[in-house]
Amino acid sequence: MTYLGSCYCGQVTVKISGTIDSIIHCHCSKCRKSSGTTYATNGVVKRDEFEITSGAEHIGKFGKVEGKYRHFCKLCASPIYSSNIDDQQNVRIRLGMLDSDIIERPMAHTFMTSKANWEDLDAGLQRCDRYEPGR
Ligand SMILES: [Zn+2]
Ligand SMILES: [Zn+2]
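The sequence shown begins at 6 in our numbering and counts up by one.
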């Protein structure tokens, strides 16, 4: 497997040479706030199969807790991956930055106890090819 990814501005590019495991939609408040969305879709990649192919100098990191960091593009603020000093074999990528189609699929919605009160996964909202009606 070879998958490619990049941040929104394109300065940071990554390559994954392996599988993406344990893909989840995480609704925890940390993922909501750091992504600005209702949930973050994250997956586990082996650190030695994850390569920053360009723009490493533009990657910043933030950690509220020592040893746990969210790595992002300092130019465009896109989340790229997170790392945990207690799990040095792996990184947890943010799947939204992928440019490649992948064969793996999400396995669960997690931390549903922390989800936003306006979120309803069963709402059956209309699906629009582009903008919502009336825009
Ligand atoms: Zn960027
Ligand atoms: Zn989370």
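A virtual CB, placed ideally from N, CA and C, is assigned to each residue, including glycine.
A quick note: this is a predicted structure, and the numbers were derived from the prediction, not measured.
Return yes when the Cβ of residue j is within less than 8 angstroms of the Cβ of residue i, no when it is not.
| i | j | result |
| --- | --- | --- |
| G60 | Q16 | yes |
| S22 | E54 | yes |
| S83 | Y8 | no |
| L100 | G48 | yes |
| E56 | K20 | yes |
Would you tell me roughly how many angstroms separate the C-alpha atoms of residue i and residue j, rounded to the nearest one?
| i | j | result |
| --- | --- | --- |
| I107 | T46 | 13 angstroms |
| S88 | G139 | 42 angstroms |
| D104 | H30 | 18 angstroms |
| M112 | K66 | 27 angstroms |
| C133 | Y44 | 20 angstroms |
| K51 | K73 | 16 angstroms |
| T58 | F116 | 32 angstroms |
| E109 | K38 | 26 angstroms |
Confirm the yes/no value for this check: CB of residue i, any heavy atom of ligand 1, distance under 7 angstroms.
| i | result |
| --- | --- |
| V17 | yes |
Can you tell me whether residue i sits near ligand 2, meaning its C-beta is under 7 angstroms from at least one heavy atom of the ligand?
| i | result |
| --- | --- |
| K35 | yes |
| A113 | no |
| A82 | no |
| F67 | no |
Along the chain, where does the beta strand (DSSP E) containing residue i start, and where does it finish?
| i | result |
| --- | --- |
| C31 | D26 to C31 |
| K66 | I64 to V70 |
| K35 | Taken as a continuous stretch (DSSP letters only), K35 belongs to no beta strand (DSSP E), being part of the alpha helix (DSSP H) at S34 to S40. |
Could you pull the start and end residues of the alpha helix (DSSP H) that residue i belongs to?
| i | result |
| --- | --- |
| K120 | From DSSP, K120 is part of no alpha helix (DSSP H); its letter is neither H nor E. |
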